[in-house]
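Numbering (my numbering), first residue to last: 3 to 913.
Even glycine gets a Cβ: it sits at the ideal position worked out from N, Cα and C.
Worksheet: one structure, shown below.
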Amino acid sequence: MTDVVVVESPAKAKTINKYLGDGFTVLASFGHVRDLPPKDGSVRPDENFAMDWESDERGNRQITAIAKALRGARHLYLATDPDREGEAISWHVRAVLEERNLLKGVDVQRVTFNEITKTAIRAAMAQPRDLDQPLIEAYMARRALDYLVGFTLSPVLWRKLPGSRSAGRVQSVSLRLICEREAEIEAFRSREYWTVAAQFTTPGGAPFTARLTHLAGRKLDQFDLHDEAGAMAAKAAVEAGRFAVRSVERRKVRRNPPPPFTTSTLQQEASRKLGMGAQATMRTAQQLYEGIDLGGETVGLITYMRTDGVQMAGEAIAAIRTHIGESFGAPYVPDKARIYSTKAKNAQEAHEAIRPTEITRTPASVARHLTDDQRRLYELVWKRSVASQMQSAELDQVIVEIADDAGAAGLRATGSMIAFDGFLKLYSEGRDDAGQKDEQDDDSRMLPPMRERDPLKTGDVAAEQHFTQPPPRYSEASLVKKMEEIGIGRPSTYASILSVLRDRNYVRLDARRFVPEDRGRLVTAFLTSFFERYVDTQFTAGLEEQLDDISGGRADWRDVMSAFWQDFSRAVDQTKDLKISDVINALDADLAPHFFPARPDGGDPRVCTACGTGRLGLKLGRYGAFIGCSNYPTCQFTRRLVVDPKEEGEADTLKDGMRVLGQSPAGEDVTVRRGPWGLYVQQGEPDPEDKKAKPRRATIPRGIEGDKITLDQALGLLSLPRLVGTHPDTGEQIEAGLGRFGPYVKMGAVYGSLDKDDDILTVGLNRAVDVLARKLASVRTIAPHPKDGEPVIVRKGRFGPYIQHGQMVANVPRGEAMEDVTLEQAVALLAEKGKPLKPKGKAAAKKTPTRRTKAAAADADAPKKAAAPRKAAPKKAATTKTKAAAKAATKTTTKTGTTTRTRRAAASEAG
């Protein structure tokens, strides 16, 4: 009998199963098998923070599969990810199995590994351990904190600030950072300043440029030349002078390589250099970690990608140093290995930095097996890891001071050249302000040879006007960096926090920078006015430190929760008597510079532009905030604040409802148009002589903005479905396309929905296989029917599993798992209780409506038609059946901490 290993994803399960062999059954939990129900009361502070956990249908299905595999097994190895979240997933799996009495005689142990390679997996299996209780308690505390803040603060927002979506413990602090930066930009007043630069020529005839630094014997500050008159006077002084070299300073500068990647720095660098968002970066890194098929062998290419540690294993460092010597030569290998330590606040350093599992797998050698995103990200990780152990770069810097004979004007020229490139030969860091700009460009400026007292010939002198610039908006890279610096969030949360802010329409991305929407600014203003402490960065960072103390066994999680809840609940209670007028006045005062910016003519920015006498101010309505006039109802001027991004700007970008992008290869116009259900692209025009022939059309999916879509993107959408590749196990072709419910991947008759962040035009084979694996878990082909040979299938439906054979369906009896249905049972149920699927097309609408089976109603392939009004008798029967279903619901008992509760299972069959 085989032992059972539980991991998180099917891709990882498949890879590990190959390494462990036939003596093990490796199954996926698909993440958490249970969670806190999204309803009030799931965390009960009055009962010592007891928590109710509930498994959804997917979690129950995975537990059933694990339980089935455990029959006769002696060992259960919980091998989820090696972090706090992974420890919690293992704890949940064990807890559910214990509650169902499925672990009798089974030895449960925990194993962790930082990379998915044969050596690492076997080493981990040889050193199992118990579950880490402090890590589990730290997870419970974090989960309870996030739940209590969200489910306590969000209702306050809904009542006092209509139009708001939600509040979160870390989410709201991140939003505050974005909004405060925007306020800084709005309050910024640009200042003018000038610089003067001159062209000089050495005695040898070599030209170079120097900048004015001293005038009239005094060093110039940035704003000393603040207008054109002063700049022209300085320019004239330089033009009139006779200059010579006063001093030449040369020095050697060493530049050390950056450490290998953590989660934060990987997200930052992928954003700067590759233009990848945090979610896309983590999704691609997950694929590289879980395993890539390299010509028949599935191998994890990088180590675990959620980490804040920068250290690497000794054998990895040795392998990298050997590779550097062989590939670049001995001068590029430092005398001693570089040992890094993180400077990030509250760093855990629980495991290694992100590095290649095998340094000899160069990006070029594996590129043909990877998608474009996988290739680019792997190359980034590989180069950064190798560079981190390379020799420092050496630069020769030269500073030349220049003065005139009278000492009235002084100029400076600086330059540098790379004496030894060191790690720069392979890698240089990206910059927040320059995107793809390479540091090596700045290090290659050279000055011609010069000596003290060399006379110089003055050439052109230029005075240039400048204006100070406001602080830049946060990019994904700089916001993640800021969050890490102040110690809020954790590596596993950065991507989801940024995603939530965009999903709630609190912020938008413009030129890869976060711009707060008015809705986001209103929420931030409300929270800072009435819950300032709980959106304070220092307070949030302090909570993170307390969570770290819990995970290290230095604090009790219930004590931490009790101290937090006592103050937080008191703050919430104080808002019960808060009047809407108080909220309006606070927000109006806080956001006045934003909503009512100063007018160029100096007039009152609050004067109503409609009536000319009323005062504009912030108002709250049923659907949110707006600007209104004080003379209402005489003056009914209003201005919306919160605008749906889909509505914003579309009216101006589509002239006459259409915009031409270009021409297709066939010479037809490709246009963006607006239809009843949104924007779409169209190729060509209808044929007036053939009314049946229609031009090719495609919906513009979420994630592609209608006013920014390119011709290539439009042609890609019009060419869907596209071939993604061939499934590595079944050999069937996988296609990607757009359907009624969004983007999908398809293999045969099996469809899998893609996430909103997946790009339908570039989604790769590994991602498609993972999506289909989840879908296939809800569809099981039993065997061909003995009569006609057509397959008999068990499907997951809305009201439970059902059997399908051709156009006939039958419900699976209550309590029977879809995995346990045999061919004989299926044939008997179809013969006894089988009913036809609802006919498709117009013919179905003409027939007298008949009552469908629940299985047929749930079939994803059956068309959804508007149901005819029910008569009184059927409605009564349905009500009776609903009550019966509710009465038949099972009771389950869940234990958490010191409490036990009994809950009635949801009667989902009642609809």
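Starting from residue i, follow the alpha helix (DSSP H) in both directions and report where the run begins and ends.
i, result
"Glu487", "Glu478 to Ile488"
"Gln313", "Run containing Gln313: none; DSSP gives neither H nor E here."
"Thr530", "Asp520 to Phe532"
"Thr286", "Ala280 to Glu292"
"Pro336", "Here Pro336 belongs to no alpha helix (DSSP H), and DSSP marks it neither H nor E."
"Gly705", "Segment: none, Gly705 is in no alpha helix (DSSP H) and carries neither H nor E."
"Gln540", "Thr539 to Ser553"
"Lys621", "First-last for Lys621: Leu618 to Gly623, but that is the beta strand (DSSP E), not the alpha helix (DSSP H)."
"Glu466", "Looking at the DSSP string, Glu466 is not in any alpha helix (DSSP H); the run it does join, the beta strand (DSSP E), is Pro457 to Phe469."
"Lys835", "Leu825 to Lys835"
"His353", "No alpha helix (DSSP H) contains His353, which DSSP labels as neither H nor E."
Report the rounded CA-to-CA distance for residue i versus residue j, giving the unit in angstroms.
i, j, result
"Glu251", "Met448", "14 Å"
"Gly616", "Ala627", "18 Å"
"Met278", "Ser477", "11 Å"
"Gly744", "Ser755", "7 Å"
"Arg46", "Asp569", "16 Å"
"Glu734", "Lys710", "36 Å"
"Gly630", "Pro703", "35 Å"
"Arg323", "Ala212", "42 Å"
"Ala90", "Asp37", "11 Å"
"Gly623", "Trp160", "12 Å"
"Gln64", "Leu29", "8 Å"
"Thr640", "Met314", "60 Å"
"Gly836", "Val829", "9 Å"
"Glu486", "Arg492", "8 Å"
"Lys367", "Pro730", "Note that residue 367 is Ser in the sequence shown here, rather than Lys. Approximately 20 Å between the Cα atoms of the pair."
Evaluate residue i with the Cβ neighbour count: other Cβ atoms within 10 Å of its Cβ, from every protein chain shown; 16 or more gives buried, anything less gives exposed.
i, result
"Leu426", "buried"
"Met660", "exposed"
"Ser329", "exposed"
"Arg455", "exposed"
"Glu821", "exposed"
"Asn50", "exposed"
"Ala339", "exposed"
"Asp561", "exposed"
"Gly311", "buried"
"His468", "exposed"
"Val662", "exposed"
"Val301", "buried"
"Lys694", "exposed"
"Glu10", "buried"
"Asp24", "exposed"
Is residue j closer than 9 Å to residue i when the C-beta atoms are compared?
i, j, result
"Arg244", "Pro457", "yes"
"Leu80", "Val8", "yes"
"Val794", "Ala770", "no"
"Gly298", "Lys16", "no"
"Ala411", "Ala236", "yes"
"Leu722", "Ile784", "no"
"Ala200", "Val240", "yes"
"Ile356", "Thr265", "yes"
"Ala563", "Ala143", "The question names Ala, but residue 563 is Met in the sequence shown. Yes, the Cβ-Cβ distance between Met563 and Ala143 is below 9 Å."
"Pro697", "Gly686", "yes"
"Leu545", "Ser176", "no"
"Arg131", "Val113", "yes"
"Val585", "Leu163", "yes"
In the DSSP assignment, the beta strand (DSSP E) including residue i goes from what residue to what residue?
i, result
"Gln393", "It is not in any beta strand (DSSP E) - Gln393 carries neither H nor E in the DSSP assignment."
"Trp196", "Glu194 to Thr203"
"Ile736", "Gln735 to Gly741"
"Glu251", "Phe245 to Arg257"
"Asp109", "Asp109 to Arg112"
"Asp148", "No beta strand (DSSP E) holds Asp148; the alpha helix (DSSP H) holding it covers Gln135 to Lys162."
"Gln684", "Gly680 to Gln685"
"Ile420", "Ala411 to Phe422"
- Report yes or no: do the stretch 377 to 386 and the stretch 398 to 412 share at least 3 C-beta pairs separated by less than 8 Å? no
- Query: How about the stretch 787 to 803 and the stretch 822 to 832: do they share at least three Cβ pairs that are nearer than 8 Å?
  - Reply: At 8 Å Cβ cutoff, the stretches touch.
- Message: Between the stretch 357 to 365 and the stretch 382 to 395, can you find at least three pairs of beta-carbon atoms closer than 8 Å?
- Response: Segments in contact, yes.
- Would you call the stretch 521 to 537 and the stretch 13 to 32 in contact, with 3 or more CB pairs under 8 Å? no
- Message: Does the contact criterion of 3 or more C-beta pairs under 8 Å hold for the stretch 151 to 160 versus the stretch 93 to 101?
- Response: no
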